[in-house]
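Participant:
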Amino acid sequence: AAKAGGKSVYRTCTPALREAAVSRAELIADLRRVVDEGQLHLEYQPIVDLATGEVRSAEALVRWRHPRLGLLSPASFLPLAEETGLILPIDRWVIHEACRAAATWRDRAPEATVAVNIAAAHLRRPDLIATVTAATAGAGLAPRALTLELTESALIDGSDTVLERLRQLRELGIRIAIDDFGTGYSSLSYLHHIPATELKIDRSFVARLGEDARAYATVEMVTRLAGAFDLTVVAEGVETDEQHAAVTAIGCVHGQGWRYGRPTNLADLRAALVPAVRPRG
Ligand code: C2E
Ligand code: MG
Ligand code: MG
Ligand code: MG
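Residue numbers (the UniProt record's numbering): 484 to 764.
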């Protein structure tokens, strides 16, 4: 649904595309040109330290300014992009753009990191290492300032190739987050093998924290488990003060969600990293 008054108004999801009667073939043709035509942009959502409220990092989220359909959310075009392999150039662009963005805030918040989502397909490709190396080096960014977010299903594929690729990334200093944790077919045993640095608890659990004792127990258990594996826990989708209090009490380290800030443009994110000092008088 369109959101009035906010910074962004989205026409979301596939139904909108269906209404607009865009054929699949047309959309694929559009997707093929999306990077070259400069129609993508990123929004940045703050990730805060729950103890201090300070913004510690930001997740880069892609949007498509489609010439006829308007602003499209990732859910409306990423599935097709993944299916057709066109996600690869899109994510490559995202990695480069996010590193350039992080380089612009380094002077103000040298330790702040940027997180990008990457599709499972990248882990099977040998050029991923070259891509992230070129992006960080090109932007003058330390590899430890970049986090790659991967879903459980991408990671659990569990092939030696995937594990080897992840180890190579870790050796470079790149951080690895397990995204939407709890929504896939998590096998606890894979946590032993995946060289991740962060675990993001899916927002579906956070959303039910107040009303569902089992959701609370799940967030508690996952947080404890993550601690044992030395993973930093990020609670996703924190919208209310109550949810904030709950994830803080449980011991999550970081929080992300509307309670702290919606995805926004780079200038606003920079401002959030260091609170603006208002001159008096
Ligand atoms: P994600 O990685 O789990 O990103 C978080 C999503 O939750 C974002 O949706 C964000 O706007 C939304 N969100 C954050 N806080 C709240 C909250 O408090 N309440 C609610 N209801 N929602 C919240 P968005 O931007 O629509 O992205 C959706 C998904 O698309 C992402 O989920 C990610 O899986 C994927 N995605 C986004 N950008 C990229 C990209 O550049 N490449 C790839 N491969 N995937 C991407
Ligand atoms: Mg993510
Ligand atoms: Mg997520
Ligand atoms: Mg999610």
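Glycine is no exception: its CB is placed at the ideal position from the N, C-alpha and C atoms.
Note that the structure is a prediction, hence the values are computed from the model and not measured.
Is LEU571 near HIS605, with beta carbons less than 8 Å apart?
Facilitator: Counting from one through the sequence shown, the residue named residue 571 turns up at place 88. Counting from one through the sequence shown, the residue named residue 605 turns up at place 122. Yes, they are a contact pair.
Participant: Using 10 angstroms around the beta-carbon of TYR668, count the other beta-carbons present and answer buried if the total reaches 16, otherwise exposed.
Facilitator: As a first step, residue 668 must be located in the sequence shown, where it is residue number 185. TYR668 should be labelled exposed.
Participant: In angstroms with no decimal places, state the Cα-to-Cα distance between THR495 and GLY553.
Facilitator: Position 12 of the sequence shown, counted from the start, is the residue given in the question as residue 495. Position 70 of the sequence shown, counted from the start, is the residue given in the question as residue 553. In this predicted model, THR495 has a pLDDT of only 42, less than 50, meaning its place in the structure is not dependable enough to derive any value.
Participant: Strictly closer than 6 Å from CB to any heavy atom of ligand 3: give me those residues in the order they appear in the chain.
Facilitator: Taken from the N-terminal end onward, the list reads ASP662, ASP663, LYS683, GLU719.
Participant: Which residue marks the beginning of the alpha helix (DSSP H) containing ASP532, and which one marks its end?
Facilitator: Along the sequence shown, read from residue 1 onward, the residue named residue 532 stands at position 49. Unbroken run through ASP532 is the beta strand (DSSP E), 523-532; no alpha helix (DSSP H).
Participant: Tell me the rounded alpha-carbon separation between VAL505 and SER556.
Facilitator: Translated into positions along the sequence shown, residue 505 becomes position 22. Translated into positions along the sequence shown, residue 556 becomes position 73. If I take the Cα positions, the gap works out to 16 Å.
Participant: With burial defined as no fewer than 16 other Cβ atoms inside 10 Å of the residue's Cβ, what is the status of ALA541: buried or exposed?
Facilitator: For the purposes of this step, residue 541 is taken as the residue at position 58 of the sequence shown. Result: buried.
Participant: Could you tell me which of GLY738, ASP685, ARG648 sits nearest to GLY665, measuring between CA atoms?
Facilitator: Working through the sequence shown from its first residue, we reach residue 665 at position 182. Selected option, being the one with the closest Cα: ASP685.
Participant: Identify which residue in GLY740, GLU681, ARG697, THR616 has its Cα closest to the Cα of GLN651.
Facilitator: In the sequence shown, residue 651 corresponds to position 168, counting from 1. Comparing Cα positions, the closest option is THR616.
Participant: Measure the CB-CB distance between LEU525 and ALA584 and report whether it falls below 8 Å.
Facilitator: Start at 1 with the first residue of the sequence shown, and residue 525 comes out as number 42. Start at 1 with the first residue of the sequence shown, and residue 584 comes out as number 101. Cβ distance < 8 Å, so LEU525 and ALA584 count as in contact.
Participant: Is LEU533 closer than 8 Å to THR680 when the C-beta atoms are compared?
Facilitator: Within the sequence shown, residue 680 is the residue found at index 197, counting from 1. Within the sequence shown, residue 533 is the residue found at index 50, counting from 1. Their beta carbons are not under 8 Å apart, which means THR680 does not touch LEU533 by this criterion.
Participant: Taking 8 Å as the CB-CB limit, is ASP532 close to chain B?
Facilitator: No chain B is part of this structure, which consists of one protein chain only.
Participant: By DSSP, does LEU714 sit in helix, in strand, or in coil?
Facilitator: Start at 1 with the first residue of the sequence shown, and residue 714 comes out as number 231. Here LEU714 sits in coil by DSSP.
Participant: Mind reading off the beta-carbon distance from LEU510 to VAL517? Whole number of angstroms is fine, and I expect it under 8 Å.
Facilitator: Within the sequence shown, the letter at position 27 stands for residue 510. Within the sequence shown, the letter at position 34 stands for residue 517. Between VAL517 and LEU510 the Cβ distance is about 10 Å, and since that is not below 8 Å, they are no contact.
Participant: Give every residue of the same chain whose Cβ lies closer than 8 Å to the Cβ of LEU671, excluding the five residues on either side of it in the sequence, and list them in chain order.
Facilitator: If you number the sequence shown from 1, residue 671 lands on position 188. These residues qualify, in order along the chain: LEU708.
Participant: Going by alpha carbons, who is nearest to GLU635 out of ALA603, ALA625, ARG653?
Facilitator: Indexing the sequence shown from 1 puts residue 635 at position 152. It is ALA603 whose Cα lies nearest to the Cα of GLU635.
Participant: Could you give the C-beta distance for ALA736 and VAL689, rounded to a whole number, given that I count them as a contact under 8 Å?
Facilitator: Within the sequence shown, the letter at position 253 stands for residue 736. Within the sequence shown, the letter at position 206 stands for residue 689. It is Val, not Ala, that sits at residue 736 in the sequence shown. Wrong, their Cβ atoms sit about 14 Å apart, outside the cutoff.
Participant: Looking at ligand 2, does it come within less than 7 Å of ASN748, judged from the CB to the closest heavy atom?
Facilitator: Along the sequence shown, one-based indexing puts residue 748 at 265. No, Cβ of ASN748 sits at least 7 Å from all heavy atoms of ligand 2.
Participant: In whole angstroms, what separates the C-alpha of ALA631 from that of ILE659?
Facilitator: As a first step, residue 631 is located in the sequence shown; it is residue number 148 there, counting from the start. As a first step, residue 659 is located in the sequence shown; it is residue number 176 there, counting from the start. A small correction: the amino acid at residue 631 is Leu; Ala does not occupy that position in the sequence shown. Spanning the two alpha carbons is a distance of roughly 5 Å.
Participant: Can you name the residues that DSSP bridges to LEU554?
Facilitator: Against the sequence shown, residue 554 aligns to sequence position 71. For LEU554, which the question treats as bridged, DSSP gives the partners ARG548.
Participant: Helix, strand or coil for GLU694? Go by DSSP, reduced to three states.
Facilitator: Here residue 694 is taken as the residue at index 211 of the sequence shown, counted from 1. Three-state DSSP puts GLU694 in coil, outside helix and strand.
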